[in-house]
Structure formats: C-alpha cells, structure tokens
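J.: I am attaching a structure below and will ask some questions about it afterwards.
There are 6 protein chains.
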Amino acid sequence: MEEAYRVERVKSGIQGFDDLIEGGFPKGTTVLVTGPTGSGKTTFGVQFVYKGVESFNEPGVIVTLEERAQDLRREMKAFGWDIEKYEREGKLAIIDGVSAVVGLPSEERFVLEGNLNAEDFLRYIYRVVKAVKAKRLLIDSIPSIAFRLREEKRIRNVLLQLNTILLEMGVTAILTTEAPDPSRGKISRYGMEEYIARGVILLDFMERDVELKRYLLIRKMRETKHQMKKFPFEITNEGVVVYPSGEVY
Amino acid sequence: MEEAYRVERVKSGIQGFDDLIEGGFPKGTTVLVTGPTGSGKTTFGVQFVYKGVESFNEPGVIVTLEERAQDLRREMKAFGWDIEKYEREGKLAIIDGVSAVVGLPSEERFVLEGNLNAEDFLRYIYRVVKAVKAKRLLIDSIPSIAFRLREEKRIRNVLLQLNTILLEMGVTAILTTEAPDPSRGKISRYGMEEYIARGVILLDFMERDVELKRYLLIRKMRETKHQMKKFPFEITNEGVVVYPSGEVY
Amino acid sequence: MEEAYRVERVKSGIQGFDDLIEGGFPKGTTVLVTGPTGSGKTTFGVQFVYKGVESFNEPGVIVTLEERAQDLRREMKAFGWDIEKYEREGKLAIIDGVSAVVGLPSEERFVLEGNLNAEDFLRYIYRVVKAVKAKRLLIDSIPSIAFRLREEKRIRNVLLQLNTILLEMGVTAILTTEAPDPSRGKISRYGMEEYIARGVILLDFMERDVELKRYLLIRKMRETKHQMKKFPFEITNEGVVVYPSGEVY
Amino acid sequence: MEEAYRVERVKSGIQGFDDLIEGGFPKGTTVLVTGPTGSGKTTFGVQFVYKGVESFNEPGVIVTLEERAQDLRREMKAFGWDIEKYEREGKLAIIDGVSAVVGLPSEERFVLEGNLNAEDFLRYIYRVVKAVKAKRLLIDSIPSIAFRLREEKRIRNVLLQLNTILLEMGVTAILTTEAPDPSRGKISRYGMEEYIARGVILLDFMERDVELKRYLLIRKMRETKHQMKKFPFEITNEGVVVYPSGEVY
Amino acid sequence: MEEAYRVERVKSGIQGFDDLIEGGFPKGTTVLVTGPTGSGKTTFGVQFVYKGVESFNEPGVIVTLEERAQDLRREMKAFGWDIEKYEREGKLAIIDGVSAVVGLPSEERFVLEGNLNAEDFLRYIYRVVKAVKAKRLLIDSIPSIAFRLREEKRIRNVLLQLNTILLEMGVTAILTTEAPDPSRGKISRYGMEEYIARGVILLDFMERDVELKRYLLIRKMRETKHQMKKFPFEITNEGVVVYPSGEVY
Amino acid sequence: MEEAYRVERVKSGIQGFDDLIEGGFPKGTTVLVTGPTGSGKTTFGVQFVYKGVESFNEPGVIVTLEERAQDLRREMKAFGWDIEKYEREGKLAIIDGVSAVVGLPSEERFVLEGNLNAEDFLRYIYRVVKAVKAKRLLIDSIPSIAFRLREEKRIRNVLLQLNTILLEMGVTAILTTEAPDPSRGKISRYGMEEYIARGVILLDFMERDVELKRYLLIRKMRETKHQMKKFPFEITNEGVVVYPSGEVY
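Protein chains in written order, with the numbering used here: chain A, 1 to 249; chain B, 1001 to 1249; chain C, 2001 to 2249; chain D, 3001 to 3249; chain E, 4001 to 4249; chain F, 5001 to 5249.
Put into structure tokens, the structure is as follows:
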C-alpha cells in the first residue's frame, strides 16, 4: 500500500537548468534566487513564470516591486516574451507594486494601493493567485518590500507571514533577494530569507581579468540531488541560458 | 569498587562517521551540527533519529521548524526512509513547528500551536519525548526558533532553558544552527550555541575550481578522541556518507 | 496589431560609451553612477546633461549639492563646456543646492532655500524640470542630500519619494552616489540606491604598480545587452572618454 | 638586606609545558586560557587543578559552568583522572554551575543555587576556596558566566570583581574564554579578559591541508621569560602534552 | 565677450607638488589632507600656510587643535620655519585650540576660550581670517574638533557649517582628517569630509620589507588634471618634498 | 636675538632606542606605546621611568592599573631593577590603581581609593607628580582606566582631561594602550589616544613560520626625524633592547 517515492517536478523554463535539478523544481517549493545587482535575478524569475504559461500552460503571477509593470513588460519583449498577450488571456497577472505605492496613477489591473501594509499586501497576492489559478509566482524583490516598511527590520515578520501564505497557496514560487557577500557565506540581505525557502540559487559574477563572468550555483534544493558547482550562464536574446557542461574559467 | 571507565556510545547511523568518534556519540550528549545553507544539516539530523529507530530500536523525536512535517517526510523518502511507518508504530514523532505557527490547519498529531512561547515550546517537546520514550532528539533549527521570538536576541534565554530540559530528558540530541564564517572561527549564529553542546560538528564546503566539495569537521566531542580533520562526505541515495579515509582535495 | 519591440535610446554624450549599451540609455531610465571619491562621477553626469543640450537639443537640469553652481560652471569650462550659454537660452538649468542651504547669498536663478525639507526639495526639482521642459536630469549626489537631513537614515524615505517623482517626470536621470567597497559587492552608500535605478554604472580605480587606472563597469542596464567588463576610461580635455576596445591592464 | 630575586613557581602539571615558562606559573598568578571551541581549554584547566592535587598535594577548586560536575568527572576518567577520589579526601572541590542554575536537582556538594547573582557567585567561590584551602582554581568559562547575566555586557563588572577576589584568595588561577579571531589580535570575547590576567595562553588550530593542527602560544606571562612561538600539542590518553621542540608544520 | 577659461592657481609651497596639479591648488578651494597617524598631515598643512607668507606674501591662519601653538612653533623650527617672525609682522596667526580648551592659561593672542561651541568656534576663525586678511587657512584636525563636541556624531553639522564659512571667506584651505582604511576606500573618519572638499590628498605608507615608505596620492582635485598615482615623498630638513618622477617601489 | 633651534631630549633608557629618535624623546612629550597583549608595553614604560631615576637622576611616577604595585615591583626585579630602593629615596612613586579600587587593603603609600572618579583620579596623579618632582610618568594603561568607568565610552572625556593635566605637569609621559589591528591602521583601542600624544610607538609581532618576532615601529614622533621601519627588539634579562641595525626577517 506504500506508494513509490516520486517528486513531482516543475519545469523551470530556464534553458539548461532543469538538467541540474533532476528535471525541475519540486512542485510547491519556494526557491530563493539571490545575488548582487545586475546578476539577472529578475530575468530568471520572470522567465520561470512566463515559460510556465507559454510552454506548460500553467498560469502565473508576478509581483514587481522594483520596476513598474509597464517597464517590465517592455523590457521582457527584448527576449521575445509577450506578457500582455497572456495577461489578456487571463493566464498571467502582474501585480504592480511600484506605481500606486509611489502615488502615481496606474492603468494596471492589479495594483497595490496606498501604503504598503504587510497584511494587505500578502492578502492581495493571495487573492490574485487564486483569481488566475496561478501555479507559479514571482516576488521581486524582498529588499524592495523591506524598504517600504516603516521599520526595515520588520521584514522578519513579513517573511514569516509570507511563508505561511506561500504554504497555503501551494504555488511554486521564486523570491529574489540580495547577497551581500556570497564568498563569505552571507547569501541573503536579512540573514533569514533562506530559512523560508526550500531551494536557494545564487546568481553571481566571477572576475576573470577585467571581465565579470556570470555563474549560477545551487546552494540548496530539497528533495533534489544537485551538484554544488558554479555553472556558467548567459543572458541571451531568449533569456537566461545555463551551460551545465560549460566551464566558467 | 571503582568501576572501570567506559563511555556508553550511541551509534549515529551516519555511514562512516562512527569510526571518527570512537564508535558513536557519548550517550546523553547534545551535539551541535552547524554549517551554511545547503550543507546537509537537516539530513544529518534526521538520519540520526531515523536510523536510531530503524537499526537500533531507539525511539526518537524530530522537531522541525524550517519545513512542514509533511515536506520532511516526503523529502526523506528520497533516501528510502519511511518515517510514517515508525510514526504509526509510535517509535518516531515529528513535532511540526511550521504549520500551526504559520496559522495553517494541520493534520499532524504533534503540532506547536499558536504563537511560539518559549516555555510552552520547550514543555511540549519535553512531553512528546517522554510520550514516545525517545532516546534521540533533533531540533532543526535554532535560528528558526529565534526568528519566531518577539526579539531575536531573547534566543539567549531560550537556549539556556533548552539546555536545562535537554539535561533533564537525558536524550542524545542534535541541534542545528548556522555558521556565518567558519574559516574565521564564527561557527554559530548567536555565538553561544556551542556552549550548551558537548559536541560540535561543522558541515561545510570547500571550493575546488568551480566546484564546492562537502566536508565534515568535528570541532569538539567531549569524552571522545577524534581527529581534527576535514573529512569528505556526500549526500547519497542513502543519506549522508562520510569517507574517513578520503581526501577532500 | 502587436508593434515590433524597440527601445528608444538616449545618447549619453559620453564618447565611446553608447557602443557599450546598444546606442544609449533606455529613454526615461534612472541610472545610478557610483564610485569612490575622485572617480569622475560629477563630470560623467554633467557631460550627460550638457551634451544633451549641445548635441541633441534636449533641455536638461543639474541639481548640484556638492559644489556651488558657480564652481561647477567654471570647472566645466576646462572641458570647453559653456553651461552659461545654454542657461541663458533657457535650455539648461542648474539648481544650486549649496549656496542657499549653507546660508550664503546667491545670485543664482534656481536656488534651494533655507533648510532642506525633503518634500520641498523634490517639488522644486519637479517644477524646474517642467519649466525648462527637461529631458535629462542629474542629481549630484545622494549622500549630499542625506547629510543635510536631520537624521541621515531618513534618506530611505527621500529616495522612495524621489523614485516617484522621477517616474512622474519621465526624464532620463543620473543619480550619483558613493561605493564604499565595490570589490565586495557594496556598490552604494545606503544599500538601496540601486533599487530605484534601472541602470547602475560603477566608476572606479584599479591599482597597477603605484598607479590607479580608471575603469567603468556597467553593473545593470535594463532593456540593454551589455558586457560585464571593466572598460578603461579617461578624463580628457573634452570630458569622459571610454575605450570600449581598450585594456585596463 | 635585599633578598635575592626569586619567583616562586607553580608546576602546571601539563607535560612539556613548564619547560616553556621557567618551570611553572608564577605563584598566585591568574592565567587566561583562550581559544576557539574544541581547542582543549577545559582539559588544560582541569589538568592543572587535578595534577596539583595528585602530584603536588595542592588542593584545588574547579568551577564548571559549561558542563555538569558529573559529566566533567566522567569525561576526565578518560585520562585516568579520578576526581572523585580527591573530592572524598577533601582536596578537590567541584562547584557545579550548571545543574542548579538550570533548575535541576543536584546531588553535588557544591552547587550554585538559583539565579546567578554576580556577588553571590563570587562569594561562594571564595568560601569554597577557603574551605578546601585551595591553592589552584579553574573557572570554566567566562562566556558561560556572561550568558547567565541579565545583560551580557555586565560581564565587565563581574570581571573586575572577580579580579578583586582572585587577588584576595591568593590562588593560582586559570580562567577560560573564547578567542574570536586570534590571527587578527582578538584573543578574548569581551576584549578585557586579558587585562585581569597576568598570563595569557592561546590554544588554537592551524590548518595544514585538510587537517587542523593544535598549537599553544604563550602571549603573555609576567615574571617569566618565554618564547613567542607556536608549540604543537596533543590531547592524549593522559591529557594535554606539549612538544617544546616539536614543529607544527 | 566670453572670457577665456583660466583657473587661478595657488602655489602650495610643497616642493615638487605643484607640478602634479597644473601649478597649484585652484584658488579658493578647500582641500582635504587625509592619512593615518604620523603620515605628515600637519607638516604638509603648516608648510602650505607658512610658505604662503614667506614666498608669496599671502597672509595665513593656522588653527591647531592637536598641538599647542607653542609646540607647533618649536616643532616647525626644525624645518627652519620662523613662524613667530611672521606672527609679529601680522601676516600669520595661530589659533590655539588646545591650551584654553583644556583649561590652561595661555599667552597666545588667538585662543579658543572655554568649551568648544561649534558656532563660536567657527565665528572666531572667521574673525581672525578677516583680521589678518588671510588667503590661506589650515585646520588641523577634524577629528580633534569632533572629540571636543558633546556628541562626536554632531561633527556632521559642524562640517556643514564649516563648509558655509569656508565658502564665505574665500580662502584656500587645508583640512586634515584621518583615513582609517584607504586601501578599501575609507579615506575619511566620518565618511563625509570629502564631500565638503574640492580636493582630496592622501598621505600614506606602503610597506616594503620591514620599511614603511611614504607616498602621496591625489584622489580628487576639481578643475585640475592630475595623475592618479602614488608619488613618493619625504619629510626632509626643509619640510615635505614630493618626487614626481620617483618610484615608491 | 633669535635663539638657535634645539630640541631638548630625554633619554629613554631603552637600549638601542634613542639612536632611532635623535637621542631621546622631546622633553615634555606624551608618547603613546601601543600594541597587543604581551607585546612588552608595561616593561617598556617602567624601564623608561626606572632608568630615568637610576641613570639620569630624574624622579618618576608609575600609575599601575593592570597590576598591583607589589606584583610590578617583584616582576621588575627579574631585570635587576630595584624599584623599592628608589621609592625609599623618594625618587620614584608607584600609584597603585588596582588594590584599593578592587577593595583590598593596601600597604602602599600611594593608592587610588574607592571608586574611580575621573577628576579625583587625575588630580591624585597630579599631586604625586608634584610631590616627587617627577620628570617622567607612566600610565599603564588607558583601557584599564576605561573599564573602571561607569560607561566605557566616557574614556573620551577622561583622555581630554588627561591631556590637560599632562600639559600642565610638563612631564615626559608614556601612556599604554591596545592596538586592535595595526596592520589595517587601527593603532588604538578608542581611536583617539593618538590625538593626545605627540609620539606613537607600536610594539607588535610578526609571524615567521611558527614564531612571533617582536618589532618596534615609530609611527609618529613630533620634532624628531625618525625612520618608518620595523626594528627588531627583545625583552632580555636587562629589559627591552632594540636593534637599530637588526633585521626582523
């Protein structure tokens, strides 16, 4: 009567990446994508949600707190991703956490209004996820939430509550944060983001002569055998591409 | 009338590890397992408790504060460990410190309810340990306790009280914590976890080219002769395997 | 009906630089120029605004908080830039954030008066930008704003409000800040400037023997493919010149 | 009438060590033994007191704040040291600073009761030292005292008072503490332990390949000529053994 | 009608130095001289003021907050500089910021009396500068001002006010401060001194074997083309001498 | 009528040292001796005062805050220095800052009584200096003063007041303090000790293989030409001996 062990996998939509994690993220997992400024965290996260809709017909939600929805849409067109199309089809929703919070009029459908209240913020995400029956979620980024709180250190509580609703919603989620000093073990800005995530992926640079080479390192991925190795990746015309057999050096 | 000196040993259930510590942990010892994100602390700790039941018929308790009980169970199936079976037999209990704390309904038998009150939390663990006559205990993890306290720095008092009840219960226990910068001597997040433990094991990585190699280092083990050496280990299909004669380089 | 993807580019006016970012900054983008003392941030920023007027007939505004307007004008003459001429033509405005704030009489047309109140400060910039129909804006520098606040840490709120008005005004803007330790990932003084900017450019030095060589590194530029490489640059008689094919070593 | 200069020496009981310090510790000196977790501080300290009784017939007192008296006794049997025997003979007393403080019943003769009040704590030690006419004292450890204070930073005052009573009692004493970063000069946790000690001994590790080699370094020893050299040592079946002519490398 | 661009230069009086900065400091500029203890900041600053009187007939003021006026005079005689002579001629004034502040009777003409009140302090300097018609000013040092404030962090406001009066007075000024860690970008003690200065000169040491070689580095000099290079310098019998073509190595 | 320039020199009494500083300390100077634990600061300071009496017939005062007077006397006998003899002759006074402060009865003539009140403390030193007509003074150490203050950070004010009375007394003085990280420019514990001293001498160690070699570095010495070089020194049977032509390596 004991059923055989099988982890349900969610294809990441990141070219070359699923090979590194036994075929995809464990379903329902929260994954932290961390790294310094310009390391490609937003692209990685959007690609995960967008490809979910495009290739696997899984609705998704993007919570954007660093860029306005309209900027994000335009930016992603560079990779040939037509977010608007799927928004019209009701398969993808962007929650604009910039426009309204900063007091600008917004023509967005999903907008965080007024002051950022942690409870309302999380409840709103919950409702939109349910509305589009989302299977995938991106929250970009945790520091951007924290800056908008009255006291930055209250982020601790928000993260614990976020943890709760992520578990409730059952989505596979990517959260982005900042890694202040990965080489010395500091892989998250608030030192606790990794505790609410079942996977941690570091996007970072290595300096080779005067060039900074991008690499990806899977620091943690529950229920998944993975190599602890720095894999080269690039941001191409078609988004993030990881080279599992490449060499960073 | 003076009895000959003999330390009673508790087999760790970690393949290759007991050879490093004269056959096992000293019975009744509290051992701190420390290391960065993704270093294998949870697996190490669960393996200790699970193998205790499976191979040595010693009941055990797992207090999980980072992952829900159901996720932990599923994850451990990857190593062929059927936790549920022993739960049904009453030999292993998981205290779910995530579900209820985050306000989710839980079908778990042992659940930490409502807000995390340090005294209640510790008393509850005590009761469950007594209920299953546990000989082994895992608390995963200390930072997860701290994050849930109103003030993170109150963890100091909780650890002192935890120390008390660990001594009272007489179990052999593993506590996990985070090592922010092991190479420079910082082996615990709150700088005092090592003071309530009679053993300290570091699980960490070493970078070789672009690969991170896992190693295990026994920093302290009272009543035990052990080498101060970085031993390679892997997380295999059957859990943690240490290579006492292997080379990390 | 789907229009082809095209990012409108704003020529930087920095010789050799536009080649690195697909022809110019994405229009309407806020770019953070960061680096240590003496790295050329002010020159870079003024050149962007000045060349906008001179070569592309785009009006601009310079908010100077480190130097008095008169000093800045004189200093820029060394590069052959006649700021006053364009001021007279109403195409370029300097907001003097030093003279009046420090209590000196000023003959400037645009002067920040009395105590630096964050709301008034931002509103004033807004009005001047609108008055000259500016397309380009420089604010030099963020730490200089922060020092003038009653509590330096209130800069957090000012930056969030600044973010709002930058989005409203629609200008392409350069903000300067200080990078305390770029080699270890600290690229902004307050750790959040990069979050309100869609581009981040680092101007820094590398030591070669006893000489410090200037280099430029694009850490982030949304909607733009760029190399992650340290490009040499110099401050010549004609301002900043970047050498896209040069070698720093 | 001027008597010739002679420092009275107290044999350490540490094999190989007295050769390094002109035959022993200056009588009545307080010596700080510092180092990271697992460096052998407790063993060093207990050996000093135990050998004092066994080999030199000098009564001694051990204040144990990290381990219960019963654990310490059992642990020391591994070195063939029968502490209980000398306790029965009234020549050695262990003050149990763990059992009662943590609220456990204790069958110990000398127990610190209830909350740790700095004055009572020090007075109790004084009384026991006088009761057994102790010539040697070990307090293991200073951080363990500090953790039990209401505010950890009050340790400053406790150390000054401890200084007083150590001078009054006239014993030769070892205090243990933690060295957070010896290679960069931080040799004590609270930055002032070394000021109340006339000798400072560092027990630490050096990494050689993947092995951590133990070494001992005498940082300060008043009234004593000593080498400033890292001497290898081991923890053998008979306790700490220092190799004055050995090489760590 | 547009006058040709020309920066008026103020000869530094530092042998070999003016060649590095197009003939001298831009007139009216505030220059920060920073470096560690013993790096020659005071000598550099005094030489600038003294040589101004001696060689260029420009009156000057020295505000000495680290040394008493009498000590400074005596010390400078070692370089053959007869400060008193020019004081008698009314061309050079020393404001003694030590004697009176510390409560000692002073026979000095210009003395800061009683408690150091920031406003009075700055007003007094202003008056003396006007009285001697000073063209050059040295304030040695900023940390010495800060230590005398009730709260050291109030130095922020004092520096902003100082900025104001320096602009008003129109003198060419040198301020000295401390560089805690120049190699990692920390070039000023309070992290904002460089923001009120249009030039920044670092005096520092480089270790060669067991010898510390002095070097000078111009980090910033507005309106001036300068090399970013570490130039060797010495403190000779005739004061600071820079070697523009020398090698530190 | 202008007298020729001549700095009056005070022989240090440290063998080999005066050659490095043009024959001795400038008379009336305050010199900071800094370094880590065990670097020889106390010996250096006592030697300066003792040799002053013995060889140059200059009375002196030693303020000892780390060791009791009796311990210091005994310790110094190892170098053949008979402090008591000169005390009896009224040429040398030790102010015991340990015994009474810690509440112990003291048979010392000069004792700091009761709580350490900064004003009384300084006034007492003043009186003893005047009583023995001291020309030399040692205060060992500044951190020991700070630990005894109610708030350690009040040391700032005490140091400013100390500065005053040192100037008043006209003695040549040595103050000792702690250098937490000399290699990175941190040469004093409170970051301001060097500002009240006209000379700064660093005593430190360099590691050569497993041996720590002592070296002395003069960081600052006003009115004195000196090399910026690490000179080897030893603590011999006759006290500190510096080797001006020796090599540390």
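For glycine and all other residues, C-beta sits at the position ideal for the given N, C-alpha and C.
Starting from the N-terminal side, write out each stretch of the alpha helix (DSSP H) that is 4 residues or longer and does not extend beyond the stretch 4128-4209 of chain E.
T.: Qualifying alpha helix (DSSP H) stretches, in chain order: 4142-4148 and 4155-4169.
J.: So the alpha helix (DSSP H) I19/A belongs to, where does it begin and stop?
T.: Against the first sequence, residue 19/A aligns to sequence position 19. Correcting the residue type first, residue 19/A is Asp in the shown sequence and not Ile. No alpha helix (DSSP H) holds D19/A; DSSP gives it neither H nor E.
J.: Quick check: the Cα distance between E5213/F and D5140/F, rounded to an integer number of angstroms?
T.: Looking up residue 5213/F in the sixth sequence gives position 213. Looking up residue 5140/F in the sixth sequence gives position 140. Note on residue identity: the sequence assigns Lys, not Glu, to residue 5213/F. Near 23 Å, if we compare the C-alpha coordinates of D5140/F and K5213/F.
J.: Considering only C-alpha positions, which residue in the set E1067/B, R1222/B, S1055/B and V1158/B is nearest to R1136/B?
T.: In the second sequence, the residue the question calls residue 1136/B occupies position 136. Checking every option, the nearest Cα to that of R1136/B belongs to S1055/B.
J.: Given this structure, state the Cα-to-Cα distance separating S5245/F from G5199/F, to the nearest angstrom.
T.: Stepping through the sixth sequence from its first residue, residue 5245/F is reached at position 245. Stepping through the sixth sequence from its first residue, residue 5199/F is reached at position 199. Rounded to whole angstroms, S5245/F to G5199/F spans 22 Å at the Cα level.
J.: Looking at the secondary structure, which residues open and close the alpha helix (DSSP H) in which F1233/B lies?
T.: Along the second sequence, one-based indexing puts residue 1233/B at 233. Run containing F1233/B: none in the alpha helix (DSSP H); it sits in the beta strand (DSSP E), F1231 to T1236.
J.: Any beta carbon of chain A sitting closer than 8 Å to that of K2230/C?
T.: Working through the third sequence from its first residue, we reach residue 2230/C at position 230. Closer than 8 Å: yes.
J.: Could you tell me which chain F residues have their CB closer than 7 Å to the CB of G3185/D, listed as they occur along the chain?
T.: Working through the fourth sequence from its first residue, we reach residue 3185/D at position 185. Under the 7 Å cutoff, chain F gives P5036, P5180 and D5181.
J.: In angstroms with no decimal places, state the Cα-to-Cα distance between A5179/F and N3157/D.
T.: Reading the sixth sequence from its first residue, position 179 is the one you call residue 5179/F. Reading the fourth sequence from its first residue, position 157 is the one you call residue 3157/D. Straight-line Cα distance between these residues: approximately 23 Å.
J.: Hey, would you say W5081/F sits closer than 8 Å to Y5124/F, going by beta carbons?
T.: Against the sixth sequence, residue 5081/F aligns to sequence position 81. Against the sixth sequence, residue 5124/F aligns to sequence position 124. Result no, Cβ atoms of W5081/F and Y5124/F do not sit closer than 8 Å.
J.: Find the residues of chain E that neighbour Y5195/F, judging by a C-beta separation of less than 7 Å, and give them in chain order.
T.: Against the sixth sequence, residue 5195/F aligns to sequence position 195. Those within 7 Å of Y5195/F in chain E are E4066, P4143, S4144 and F4147.
J.: Is DSSP giving F2025/C helix, strand or coil here?
T.: Residue 2025/C sits at position 25 when you count from the first residue of the third sequence. Note: F2025/C maps to strand in three-state DSSP.
J.: At what residues does the beta strand (DSSP E) containing M3221/D begin and finish?
T.: Reading the fourth sequence from its first residue, position 221 is the one you call residue 3221/D. It spans E3211 to M3221 - the beta strand (DSSP E) in which M3221/D sits, taken as one unbroken run.
J.: Taking DSSP as the reference, what is the three-state secondary structure of T3042/D?
T.: For the purposes of this step, residue 3042/D is taken as residue 42 along the fourth sequence, with counting starting at 1. Of the three classes helix, strand and coil, the one that applies to T3042/D here is helix, per DSSP.
J.: Let me know the secondary structure DSSP gives F4079/E once reduced to three states.
T.: Taking the first residue of the fifth sequence as position 1, residue 4079/E is located at position 79. Coil.
J.: Count the other CB atoms within 10 Å of the CB of P4105/E; is the residue buried (16 or more) or exposed (fewer)?
T.: If you number the fifth sequence from 1, residue 4105/E lands on position 105. By the neighbour-count rule (16 or more Cβ atoms within 10 Å), P4105/E is not buried but exposed.
J.: If we cut at 8 Å on Cβ distances, does R1136/B have a partner in chain D?
T.: One-based indexing of the second sequence puts residue 1136/B at position 136. Chain D, which has no Cβ nearer than 8 Å to the Cβ of R1136/B, makes this no.
J.: Interface residues of chain F around A4118/E at Cβ under 8 Å?
T.: Translated into positions along the fifth sequence, residue 4118/E becomes position 118. The premise fails here: A4118/E is roughly 16 Å from chain F at the closest Cβ pair, so nothing lies under 8 Å.
J.: Measuring only the C-alpha atoms, how far is T4042/E from T4176/E?
T.: Indexing the fifth sequence from 1 puts residue 4042/E at position 42. Indexing the fifth sequence from 1 puts residue 4176/E at position 176. Cα to Cα, T4042/E sits roughly 7 Å from T4176/E.
J.: Within 8 Å, do at least three Cβ pairs link the stretch 3186-3200 of chain D to the stretch 3020-3034 of chain D?
T.: A contact exists between the stretch 3020-3034 of chain D and the stretch 3186-3200 of chain D.
J.: In the DSSP assignment, what are the bridge partners of T1037/B?
T.: For the purposes of this step, residue 1037/B is taken as the residue at position 37 of the second sequence. None; T1037/B has no bridge partner.
J.: Within the 8 Å Cβ cut-off, does I1200/B reach chain D?
T.: Locating residue 1200/B in the second sequence gives position 200, counting from the first residue. Ile is not the amino acid found at residue 1200/B; the sequence shown has Val there. Taking Cβ atoms only, chain D reaches closer than 8 Å to V1200/B, which makes this a yes.
J.: V3210/D versus chain B: which residues are under 9 Å apart at the beta carbon?
T.: On the fourth sequence, residue 3210/D is found 210 positions in, with the first residue counted as 1. Here the neighbours are M1206, Y1215, L1217, K1229, K1230, F1231, P1232, E1247, V1248 and Y1249.
J.: Taking only the alpha-carbon atoms, compute the straight-line gap between G4045/E and E5022/F and give it to the nearest angstrom.
T.: One-based indexing of the fifth sequence puts residue 4045/E at position 45. One-based indexing of the sixth sequence puts residue 5022/F at position 22. Roughly 24 Å separates the two Cα atoms.
J.: Are three or more beta carbon pairs between the stretch 4007-4017 of chain E and the stretch 3216-3231 of chain D nearer than 8 Å?
T.: As far as the Cβ criterion goes, the stretch 4007-4017 of chain E does not touch the stretch 3216-3231 of chain D, which means the pair count is below three.
J.: Indicate whether the contact test is met: 3 or more Cβ pairs, each with one atom in the stretch 1203-1213 of chain B and one in the stretch 1054-1073 of chain B, closer than 8 Å.
T.: As far as the Cβ criterion goes, the stretch 1203-1213 of chain B does not touch the stretch 1054-1073 of chain B, which means the pair count is below three.
J.: Go ahead and label N3237/D buried or exposed: buried means 16 or more other beta carbons lie within 10 angstroms of its beta carbon, across all protein chains shown.
T.: In the fourth sequence, residue 3237/D corresponds to position 237, counting from 1. Classification for N3237/D: exposed.
J.: Can you tell me whether DSSP reads V5053/F as helix, strand or coil?
T.: Numbered from its first residue, the sixth sequence carries residue 5053/F at position 53. In the structure shown, V5053/F sits in a helix (DSSP, three-state: H, G or I).
J.: I want to see whether chain A comes within less than 8 Å of A1093/B, judged by CB atoms only; does it?
T.: On the second sequence, position 93 is the one that residue 1093/B refers to. Not closer than 8 Å to any Cβ of chain A, the Cβ of A1093/B fails to qualify, so no.
J.: DSSP on L1092/B, reduced to helix/strand/coil?
T.: Looking up residue 1092/B in the second sequence gives position 92. Correct three-state label for L1092/B: strand.
J.: Can you grab the Cα-Cα spacing for the pair R2152/C / Y2243/C, in whole Å?
T.: Your numbering for residue 2152/C matches position 152 in the third sequence. Your numbering for residue 2243/C matches position 243 in the third sequence. Residue identity differs from the one stated: residue 2152/C is Glu in this sequence, not Arg. C-alpha separation (whole angstroms): 37 Å.
J.: Return the chain-ordered list of same chain residues with a C-beta closer than 7 Å to the C-beta of Y4126/E, the five sequence neighbours on each side being excluded.
T.: For this step, residue 4126/E is matched to residue 126 along the fifth sequence. Around Y4126/E: I4165 and M4169.
J.: Under 7 Å between beta-carbons, which chain F residues line up against E4075/E? List them in chain order, please.
T.: By one-based count along the fifth sequence, residue 4075/E stands at place 75. Correct list: R5222 and E5223.
J.: What does R3156/D reach in chain F if we use C-beta pairs closer than 8 Å?
T.: In the fourth sequence, counting from the first residue as 1, residue 3156/D sits at position 156. Near R3156/D (Cβ distances below 8 Å), the residues of chain F are F5147 and E5152.
J.: What is the rounded straight-line gap between the Cα of A3131/D and the Cα of E3194/D?
T.: Looking up residue 3131/D in the fourth sequence gives position 131. Looking up residue 3194/D in the fourth sequence gives position 194. Using only the alpha carbons, I get a separation of about 28 Å.
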